[in-house]
Structure formats: structure tokens, C-alpha cells
Amino acid sequence: MSVNSLIDPITAAGGSVTLNNAESWMQGRTLYGGASALIAYTAAIRAFPDLPPLRAGQVGFVAPVGETFELRSEMIRQGRNVAQLRSEILSEGKVALTAFWLFGTAREPNAVHPAPLPSPDPGRPEDSRPANTDRAPEFLRNNYDVHYTAERRGADEPVVRRWTRLKEPADIDPISELILMGDTLPPSAARIMQRRGPISSINWSFNLLDHQPKTRDGWWLAETASDHADEGYSSERLRLWNADGKQMLSGIQAVAIFG
């Protein structure tokens, strides 16, 4: 199922949606988080066109999202420079995903502080080698090229970095692509688990650092890093850079660790 097939059924009116052949985007019982977040974002911008650029998103993964669901969106507040929207995915009449979107017009900057380059140096995606995804979720194997970065980390370090890109380029806007790509990697706490067991994302909050993101040949550098893990949860930092090392997305996520 192509990326465009995920969002083509979405209309400005929202309502019921059925995805055909969505199996390739599933992660266990639910759609992959980036795919379901993209669906919620698309519902918002189709219900309310002519918005300023997206600046931030807050996504709550409440329950599994399957092939059939309902969409609804509402404007919370629209001011002169900032608009704040909420969109939701409902499954069997109950909220399965809730998302809050913040859009804002650009202004003359009164503070400038560029994000640092990724460190250590990840190398170039053109020189990278494919990662082993045999045990990866189905959505990742089906839809993404995943390559190792140049640096090597210790097996007990809760940081995962990979070069990633879509196997088939999608005809979607750059912001939508970032939302789809931003939650691709597994939580890094998986590297330090004492026992094998499932991991589940609970939420995802992110800020966009460039309202016109672009990269080279579709490659993005994705990172997940656990800031703290204990009592069955991990606080994960998610970042995304383009192929030239310019950071495009900064996020944080709460993850449930079972087993």
C-alpha cells in the first residue's frame, strides 16, 4: 500500500474511512504510529485549508488503529499568527488517537540559534550499508530503506541512529513526509532491556525546526535516545536531520516497556 493510499480516502468532511490493503503499514494490531499521525494531520489540513506552516504536534496513541476508523477535526483557536487544531481517529466510536497541531506564521526573528550538527559524525547516506531488518516490524521492512550510520555504539548504550528513506518516493508535501518519517525507529530502550518483551509508544510530541524541510535523495538521519528508563517506561528523545546534517525535527516520546 503506497503512502498516498493512506491519505487519498481522507476528505475535508472527515467521517468514516476504510483503508484497503493496509497490512503493509501495520505494527502488530495497529497502524504504525507515523502513518496514523500522518492520517490525523491530513484530516486537519484538509478540514481547514490555508493554514500557516505547521510548527508543532502532540500525538497521543490511545488504542489500536485498524483499517476502518472515523476522523474528526476541530479548530480550537485561530488568531492573527497562530492556529491550534485538534484531530482525532476513532475506532468503534472511541478515541484511538488524539492529536493537537500548532500552526504559526513566520515573523522577523528576534533570536537565532541553529541546532547543532549530529555528533558523532554519521557519515554520508551514500556511503552507508543496509541494516539488517529481518526482525523489524512489517511496516519498516515493506516501506523503508534503513542503513547503518558510520559510527558504532556500544551494545548497552540506549541510542539508535539510522539513515532512513521511503522505498517508493511519495507524492506528499515535505511536512507530511517528516511526520511519516519521524517515528520510524524502535525506541532505544530496547537495547538495554534485561528481558525480551514488547514495547509500545504512548505519545509523541515534536517541534519542526524548518517549515520547508528538504533533503537529498530522500535520506533522513533518525535517532531515538532514552533519557531515562525505569518502572516500565522510557523517556525517549527523537530527532531527525537531513542528509547534510541540518536538524529538521526535535521530539520526545513516552514508551511503555513490557516483559
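Read in UniProt numbering, the sequence shown has 65 at position 65, and its numbers run on one by one without any break. The beta-carbon is built from N, C-alpha and C at its ideal position, and this holds for glycine as well. Because the structure is a prediction, the values reported are computed rather than measured.
Going by Cα to Cα distance, which pick from K214, P49, S24 is closest to M248?
-> Here residue 248 refers to the residue found at position 248 when the sequence shown is read from its first residue. The option with the nearest alpha carbon to M248 is K214.
V161 burial status per 10 Å Cβ neighbour count (16 or more: buried) = Here the question's residue 161 lines up with position 161 in the sequence shown. A small correction: the amino acid at residue 161 is Arg; Val does not occupy that position in the sequence shown. By the 10 Å Cβ count, R161 comes out buried.
Between the segment 87-106 and the segment 118-130, do at least 3 Cβ pairs fall closer than 8 Å?
-> no
Closest by C-alpha distance to M181, when choosing among W163, A190, G245, R191 = Position 181 of the sequence shown holds residue 181. When only C-alpha atoms are compared, the closest one is W163.
For the alpha helix (DSSP H) holding Y148, just list the boundary residues, first then last.
-> On the sequence shown, residue 148 is found 148 positions in, with the first residue counted as 1. Premise fails: Y148 lies in the beta strand (DSSP E), 144-148, not in any alpha helix (DSSP H).
Contact between the segment 163-175 and the segment 135-150 (3+ Cβ pairs under 8 Å) = yes
Own chain, CB closer than 6 Å to R191, minus 5 neighbours either side, in chain order | Here residue 191 is taken as the residue at index 191 of the sequence shown, counted from 1. Taken in chain order, the residues that qualify are P158.
Can you name, in chain order, every residue of its own chain whose Cβ lies under 6 Å from the Cβ of P198, other than the five neighbours on each side?
-> For this step, residue 198 is matched to residue 198 along the sequence shown. Cβ neighbours of P198 beyond the five flanking positions: F258.
Please determine, among T184, E231, D217, the residue with the shortest C-alpha to C-alpha distance to R237.
-> Here residue 237 is taken as the residue at index 237 of the sequence shown, counted from 1. That would be T184, whose Cα lies nearest to the Cα of R237.
Span of the beta strand (DSSP E) around T42 = Taking the first residue of the sequence shown as position 1, residue 42 is located at position 42. First-last for T42: 33-47, but that is the alpha helix (DSSP H), not the beta strand (DSSP E).
Can you say whether T30 is buried or exposed, counting buried as having 16 or more other CB atoms within 10 angstroms of its CB?
-> Residue mapping note: residue 30 aligns to position 30 of the sequence shown, counting from 1. By the neighbour-count rule (16 or more Cβ atoms within 10 Å), T30 is buried.
Backbone secondary structure at R141 - three-state DSSP | Mapped onto the sequence shown, residue 141 falls at position 141. It is helical.
Roughly how many angstroms separate the alpha carbons of A99 and I172, rounded to a whole number?
-> Position 99 of the sequence shown, counted from the first residue, corresponds to residue 99. Position 172 of the sequence shown, counted from the first residue, corresponds to residue 172. Distance between the alpha carbons of A99 and I172: 20 Å.
Close Cβ partners of P169 (< 8 Å) along its chain, the five nearest in sequence each way excluded = Locating residue 169 in the sequence shown gives position 169, where the first residue counts as 1. Cβ within range, chain order: G218.
Nearest to Q194 (by Cα), restricted to the options L90, G232, D50, S24 = Residue 194 sits at position 194 when you count from the first residue of the sequence shown. That would be G232, whose Cα lies nearest to the Cα of Q194.
For S5, does the three-state DSSP call read helix, strand or coil?
-> As a first step, residue 5 must be located in the sequence shown, where it is residue number 5. It is helical.
By DSSP, does D171 sit in helix, in strand, or in coil?
-> For this step, residue 171 is matched to residue 171 along the sequence shown. Of the three classes helix, strand and coil, the one that applies to D171 here is coil, per DSSP.
How big is the Cα-Cα spacing for A115 and L208?
-> Counting from one through the sequence shown, the residue named residue 115 turns up at place 115. Counting from one through the sequence shown, the residue named residue 208 turns up at place 208. Rounded to whole angstroms, A115 to L208 spans 12 Å at the Cα level.
With C-beta atoms as the reference, is S200 less than 8 Å away from A136?
-> Within the sequence shown, the letter at position 200 stands for residue 200. Within the sequence shown, the letter at position 136 stands for residue 136. Going by C-beta atoms, S200 is not nearer than 8 Å to A136.
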